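A.B. asks:
Protein chains: 2
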Amino acid sequence: MKESKVRLYVAQELGAGQTVPLEREQAHYLFGVMRLSSGDRLAIFNGRDGEWRAEVTEAGKRGGVLTCLERTAKLRLPPDLWLLFAPIKKARTDFIVEKAAEMGARRIVPVTTDFTNSERLRQDRLQAHAIEAAEQCGGTFVPEVADLQKLSHLLDTWPDDRNLMFCDETQAGAHQGLDAAPRGPWAILIGPEGGFSDAERDRLRVAPFTHVVSLGPRILRADTAAVAAMTLWQAALGDWRQREGAA
Amino acid sequence: MKESKVRLYVAQELGAGQTVPLEREQAHYLFGVMRLSSGDRLAIFNGRDGEWRAEVTEAGKRGGVLTCLERTAKLRLPPDLWLLFAPIKKARTDFIVEKAAEMGARRIVPVTTDFTNSERLRQDRLQAHAIEAAEQCGGTFVPEVADLQKLSHLLDTWPDDRNLMFCDETQAGAHQGLDAAPRGPWAILIGPEGGFSDAERDRLRVAPFTHVVSLGPRILRADTAAVAAMTLWQAALGDWRQREGAA
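Protein chains in written order, with the UniProt record's numbering: chain C, 1 to 247; chain W, 1 to 247.
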């Protein structure tokens, strides 16, 4: 019997004594790649019920069964933050999804803009990246990756109570900042490599829910901008804040 | 004659009327890949003399000559910030160097720690990554990538006037913060994937130049931590500050 450091996302409900049947791919990973066998322990989570220590109770080439022993961590929900971004090259899109899961976004929304090239996106592949990031980084929550949608449509139906942090690369040095910004539900919008169109920029600037924030005097790639923007937000309004009572 | 958007780093001095002979690889990139020819314009920089508009005055398969027309941007030096990091997998190490150049580090220092695996590093390849990031992101400065060195040696010879931001993943929520930290020369230290050893952590904690800073409640990969730490530093102490007079 070994206590492994493996963390595995599963879809099923978790609870004391609950058994979790494994799919073929999961069995291959646990028993083929990670060399676990019957009696070995690992950590599992489903994004809802926290993290559980589980034991391998059946191990086969095409399947297997885990049994939940006890809960080792509560569900830790990130703040109510959406990350909106315009998909870029495949590797950098994957990277943005991974980083959003690490940095604590609740929902990831790929959007098409006037200057976006890509019209298609494999939502399932991106969701798998978010799951892998949660497995690697000790997360108990997996952000939902939404289907690709038009930015203009999203703005048409924007929820009244959600603020939007608009990272406008043409506004270096002229931002409002987040220190005095309201708490509550937020979204961050990261532009495409070619920037936003004038029409988009005008619409975003006058929207009552928009807060324009600059990401410094240098031009950042979209993936860098995503991490930097989430850092500023988490430090000012999210769960990186030093003192909950402040501001 | 076309005004291209190409930005090229060159090693030579730049000044009005100055000619810049091209190496074979540069000629291949400009004339083979980017399809420039005689009379076309591009931007060049050398990390010291700002950005210059240049004209192609000779174009050949194995070489060529550019001539400087006029300066289009002054040298923009980033703040005096070093990024120290323990090299990780190749792709993520490349990424950290790229991000340090984008985020505005002055110097990039790969270090070996008690838990670092890699003992070798291609400094020239990493330096090329920093140059490429500056070319892509409109930079006029290229951070120097130092040779790999031992963290313990670096701490033995640490300069008196340089503060160190120590991102300690075991200190979530207990950080000092940067708001009251002194300005001046700084370094950021990002740990290896296995964390720091107890001996390293003890030494860093008691050093008079160390400021312990937490990067939130979730575990971040080293490349994410590097971007997040540089964001916090630039926003609090660097050139992302909203009001120069504040604090």
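Using N, Cα and C, we set each Cβ at its ideal position, and we do this for glycine too.
On a predicted model such as this, the values are computed, not experimentally measured, just so you know.
#1: For a test of the three-state rule: what should DSSP assign to residue 2 of chain C, helix, strand or coil?
#2: Measuring straight from C-alpha to C-alpha, what distance separates residue 152 of chain W and residue 113 of chain W?
#3: Could you spell out where the alpha helix (DSSP H) holding residue 54 of chain W opens and where it closes?
#4: With C-beta atoms as the reference, is residue 57 of chain W less than 8 angstroms away from residue 38 of chain W?
#5: Would a C-beta distance cut-off of 8 angstroms place residue 48 of chain W and residue 84 of chain W closer than the cut-off?
#6: Quick check on the burial criterion: 16 or more other C-beta atoms within 10 angstroms. Buried or exposed for residue 64 of chain W?
#7: Please tell me whether residue 213 of chain C and residue 166 of chain C are closer than 8 angstroms, where the distance is taken between their beta carbons.
#8: Less than 8 angstroms between CB atoms is the rule here; does residue 107 of chain W satisfy it with respect to chain C?
#9: Taking the beta strand (DSSP E) that residue 211 of chain C falls in, what are its first and last residues?
#10: Can you check DSSP and say which residues form a bridge with residue 190 of chain W?
#11: Using the three-state DSSP reduction, which class does residue 138 of chain W fall into: helix, strand or coil?
#12: Should residue 193 of chain W be labelled buried (16 or more other beta-carbon atoms within 10 Å of its own) or exposed?
#13: Since residue 234 of chain W meets chain C, which of its residues come closer than 7 angstroms, beta carbon to beta carbon?
#14: I'd like the span of the beta strand (DSSP E) that includes residue 108 of chain W, first residue to last.
#15: Is the stretch 127-139 of chain C touching the stretch 93-104 of chain C, taking contact as three or more C-beta pairs under 8 angstroms?
#16: Just curious, the alpha helix (DSSP H) that residue 157 of chain C is in, first and last residue?
#17: Within the same chain, show all residues whose beta-carbon is closer than 6 angstroms to that of residue 81 of chain W, passing over the 5 residues directly before and after it, in chain order.
#18: By the DSSP assignment, the alpha helix (DSSP H) with residue 95 of chain C in it spans what residues?
#19: Using 8 angstroms as the limit for Cβ to Cβ distance, is residue 103 of chain C near chain D?
C.D. replies: Taking the definition as stated:
#1: Within the first sequence, residue 2 of chain C is the residue found at index 2, counting from 1. Residue state, collapsed to three classes: coil.
#2: For the purposes of this step, residue 152 of chain W is taken as the residue at position 152 of the second sequence. For the purposes of this step, residue 113 of chain W is taken as the residue at position 113 of the second sequence. Cα-Cα distance, rounded: 8 angstroms.
#3: Taking the second sequence and counting its residues from 1, one reaches residue 54 of chain W at position 54. Per DSSP, residue 54 of chain W belongs to no alpha helix (DSSP H); it is in the beta strand (DSSP E), 51-59.
#4: Here residue 57 of chain W refers to the residue found at position 57 when the second sequence is read from its first residue. Here residue 38 of chain W refers to the residue found at position 38 when the second sequence is read from its first residue. Result yes, Cβ atoms of residue 57 of chain W and residue 38 of chain W sit closer than 8 angstroms.
#5: Mapped onto the second sequence, residue 48 of chain W falls at position 48. Mapped onto the second sequence, residue 84 of chain W falls at position 84. Taking 8 angstroms as the Cβ cut-off, residue 48 of chain W and residue 84 of chain W do not qualify as a contacting pair.
#6: As a first step, residue 64 of chain W is located in the second sequence; it is residue number 64 there, counting from the start. That one is buried.
#7: In the first sequence, counting from the first residue as 1, residue 213 of chain C sits at position 213. In the first sequence, counting from the first residue as 1, residue 166 of chain C sits at position 166. The answer is yes: Cβ separation under 8 angstroms.
#8: Position 107 of the second sequence, counted from the first residue, corresponds to residue 107 of chain W. For residue 107 of chain W, the answer is no, since every Cβ of chain C falls outside 8 angstroms of its Cβ.
#9: As a working note, residue 211 of chain C is residue 211 in the first sequence. 210-213 is the extent of the beta strand (DSSP E) around residue 211 of chain C.
#10: The sequence position of residue 190 of chain W within the second sequence is 190, counting from 1. W:85.
#11: The residue labelled residue 138 of chain W in the question sits at position 138 within the second sequence. Three-state DSSP puts residue 138 of chain W in coil, outside helix and strand.
#12: Within the second sequence, the letter at position 193 stands for residue 193 of chain W. When all chains shown are included, residue 193 of chain W counts as exposed.
#13: Indexing the second sequence from 1 puts residue 234 of chain W at position 234. Correct list: 216.
#14: Counting from 1 along the second sequence, the entry for residue 108 of chain W is found at position 108. Its beta strand (DSSP E) spans residues 107-112.
#15: yes
#16: The sequence position of residue 157 of chain C within the first sequence is 157, counting from 1. Premise fails: residue 157 of chain C is in no alpha helix (DSSP H) and is neither H nor E.
#17: As a first step, residue 81 of chain W must be located in the second sequence, where it is residue number 81. Hits under 6 angstroms: 105, 106, 186.
#18: Residue 95 of chain C sits at position 95 when you count from the first residue of the first sequence. Segment 90-103, the alpha helix (DSSP H) holding residue 95 of chain C.
#19: The structure shown has no chain D; the protein chains it does contain are C and W.
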